[in-house]
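Working notes for the structure below.
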């Protein structure tokens, strides 16, 4: 890959992380946690994005981030109250910032009107309209400004400059550093720097956060004034700067006072250093500055994002703690290509199978249980399992990345519906496989929309019911018995069972006199084509309701259920496997073949009695069960293993539930047990097989097929076994 | 199209194998490995020439009974049968044959064109004929072995 593109990609990855931090921090601030650590984390996130964006010449982004940062800076300095109103503006600004980042990444455009309106709202907060606006626009010039080669022949024509640079306290407070700016200036050409420390007061009178030094730089560079201004672009509001043409006389003046090596970037003047150290040791503020420098992203043109550098402040007592935090963020993780991880997971899968095969061979060889070989094998087995678990854990990620997207969604839906909504999240560190995370975003988005749109009542209705005006949506993740459980809970009106039932009857989904329990009625909302909202709203979609959610959850091997208390609210519970690479299955035998039935599809197992089985028509059989009739499917016959269906009384039956809640009873010859299997694709070397979802390798090294329950269940409705529509490929039969 | 057909003249190595009394060969570059027969897991709803799938170091490998594919009687696989694992595009397929008989080095000009015969099977699979020590060996094109592969070649 082009190194620049690679750096760019890294930048955007980091932006996503920073945006996540930003969102989290703002949410925390909104909930009243306005301690300096939180505010600083938020500030850092915006600042880092600005810094990186500057390096890539992303002007819109830099401009916006700059305005945003100004507001945050005021809050940080305690000059602006993080009022609910201000927080709302900032939350919207963070959304806009996210949009701008993504637009910059994808090369798309954002709505300039919306951005402009947020910018003006932010400016209103700062009370300084249009400050430093114009200069930001030609920011791109510095980012990739050609660095002129030093002109050695100083005597020839000295088109030099004299720069007087007097930082204000704000400059330091924003984590800028004079030394780095000077170093940056030094890139333009040879220079001599003198420091004027005359205004430095006695130590007793020294304000540690104050600014007392002024630098005079004599720059022998053939550059324009703009190039010099560009160096100071980010600090120009926070310093006094004078730039003038160098006349030979000035050189002598400048050279007379104590010269400082310009390219060192840190004052070598012991006195100043000592003073700064003393100053730093007496305050807590420098700790704030430190991590900012450490976490700044590392794009190459260091216009605004200086590399970590020993600063006098690091000598202070607070600094080590801050540095540790930053180091954990930076050093504790590595980015690894997903392909490499998957390859490793594949290989470990192999190892597990091989180990099982070896055990079986040794067992067949008839060795004594306590023999050394068996003991060693047991140890090998344990080790293998441990490796497998560890490798799987590499792919695991906290659900935070999904949860972080939700506050924005809630804000948007709340605005659209005119409801007041508060989102609480819990358990965002719960880990689950990356693929699962990617694939629960849509269902979860839909569920949360649904909770706000349909679950929560309007503000008036809430007040009338004696509830707080603000509705509550709670998103929780936790691990439970080897699965991840995600709950979406609202404190709305709960499911209106009468209306749901009436609707289901109206749509012909249930018969008017069907005896339904409350739970069964609640679950009607998962039926295909069911939509409870009387008006189709923009938010929850057009009749694609919970059945779509349910289908995508089931496609992940998960389940969804609902618990509703009238007047109190509803809770949707998602239960998902921790990984998609393995599946919990029931091993069954059918006509001498071994098949795996995904456990997530099985409701219960039963032993049919002959009086339960009834024949309908020629070859349709149903099983009478709890007052209803459920179609029987002979798996062996459905897959073409045998022509004649087995007698259900002599078989084992599995009550399964396919997509859309369709139930059927699968007839198999016997159950061998339950086990976790590694999913292997059939399509990789062959093609999709009707009725089969995938394959796996058993302990004896043989391939076993995993049943596609949905396809098998659909046999009860149409006669033909079909392949899942998404997997169908046109198959031309060959010449034979 | 198989690279056997597209490359220019020059020597190439071929693996010859036996199915019944006939001999065939494939380009050695397409062959990944040769292994003994192991019992395959039957796939439902598959064409008759698909014996099933086996585990090839973790990958699920379909096995094509080459005799049936050519329209010859099915061979009851025994331990003496051989599976030639070949790569066709990005897929790996195992060909069940009676035995591997030879490794040949052939010049392109030694390959005779297939005579125009009515048989569809010959048209689909045989890309040329080679006389070797009085035997006739048919050069096989692998493109049509699996139906899914044929789709891509079409």
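Protein chains in written order, with the working numbering: chain A, 8 to 743; chain B, -2 to 151. Just so you know, even glycine gets a beta-carbon here, dropped at the ideal spot from N, CA and C.
Check, Outcome
"Three-state class that DSSP yields for residue 483 of chain A in the structure shown", "strand"
"Contact list for the segment 25 to 55 of chain B against chain A, Cβ threshold 9 Å", "35, 36, 37, 38, 39, 40, 41, 42, 43, 44, 45, 46, 47, 49, 50, 51, 52, 53, 54 and 55"
"Expected contact under 8 Å - CB spacing of residue 459 of chain A and residue 492 of chain A to nearest Å", "Not really, about 21 Å apart at Cβ, beyond 8 Å."
"Partners in chain B for residue 688 of chain A, counting only beta-carbon separations shorter than 8 Å", "57"
"Cβ-based contacts, 7 Å cut-off: residues of the segment 77 to 92 of chain B near chain A", "88, 89 and 90"
"Closer than 8 Å at the beta carbon, the chain B residues around residue 353 of chain A", "55"
"Residues that DSSP places opposite residue 3 of chain A in a beta bridge", "With chain A covering 8 to 743 only, the question about residue 3 of chain A has no answer from this structure."
"Own chain, CB closer than 6 Å to residue 442 of chain A, minus 5 neighbours either side, in chain order", "587"
"Contact set between residue 592 of chain A and chain B, taken where Cβ atoms lie within less than 9 Å", "Chain B residues near residue 592 of chain A: none, gap ~15 Å exceeds 9 Å."
"Residue 44 of chain B versus B/75, B/97, B/137 and B/71, residue with shortest Cα-Cα distance", "B/71"
"Sub-8 Å separation of residue 501 of chain A and residue 478 of chain A beta-carbons", "no"
"Where residue 179 of chain A sits in the DSSP three-state scheme", "helix"
"Residue 80 of chain B to residue 414 of chain A span [Cα, whole Å]", "57 Å"
"Whole-number beta carbon distance between residue 659 of chain A and residue 670 of chain A, since they are thought to touch under 8 Å", "Actually they do not touch by this definition, with Cβ atoms about 17 Å apart."
"8 Å contact criterion, which residue 248 of chain A and residue 171 of chain A should meet: CB distance rounded", "7 Å"
"Cβ separation of residue 125 of chain A and residue 103 of chain A, assumed to be a contact under 8 Å, to the nearest whole Å", "5 Å"
"Residues of its chain near residue 720 of chain A, where Cβ-Cβ distance is below 6 Å and the 5 sequence neighbours each way are ignored", "665, 669 and 671"
"Backbone CA spacing between residue 488 of chain A and residue 592 of chain A [nearest angstrom]", "15 Å"
"Residue 484 of chain A vs residue 435 of chain A beta-carbon contact at 8 Å", "yes"
"Residue 574 of chain A, DSSP secondary structure in three states", "coil"
"At least 3 beta-carbon pairs within less than 8 Å: the segment 684 to 694 of chain A vs the segment 703 to 714 of chain A", "yes"
"Endpoints, the beta strand (DSSP E) within which residue 14 of chain B is located", "8 to 16"
"Chain B contact for residue 362 of chain A (CB, 8 Å cutoff)", "no"
"Contact check, residue 242 of chain A vs residue 224 of chain A, beta carbons under 8 Å", "no"
"Buried versus exposed call for residue 117 of chain B [16 or more other C-beta atoms within 10 Å across all chains shown]", "exposed"
"Residue 628 of chain A classed as buried or exposed, judged by whether at least 16 other C-beta atoms fall within 10 angstroms", "buried"
"Contact belief for residue 140 of chain B with residue 85 of chain B at Cβ below 8 Å, rounded distance in angstroms", "7 Å"
"Residue 10 of chain A - containing alpha helix (DSSP H), residue span", "10 to 37"
"Helix, strand or coil at residue 600 of chain A [DSSP, three-state]", "strand"
"One or two residues paired with residue 22 of chain B in a DSSP bridge", "B/13 and B/136"
"Which residues DSSP lists as bridging residue 630 of chain A, in chain order", "A/620 and A/637"
"Exposure label - residue 575 of chain A; buried when at least 16 CB within 10 Å", "exposed"
"Close beta carbons around residue 176 of chain A, own chain, < 7 Å, minus the five adjacent residues each side", "216, 217 and 218"
"Limits of the unbroken beta strand (DSSP E) element including residue 31 of chain B", "28 to 33"
"Per-residue DSSP class, three states only, for residue 53 of chain A", "helix"
"According to DSSP, residues forming a beta bridge with residue 568 of chain A", "A/580"
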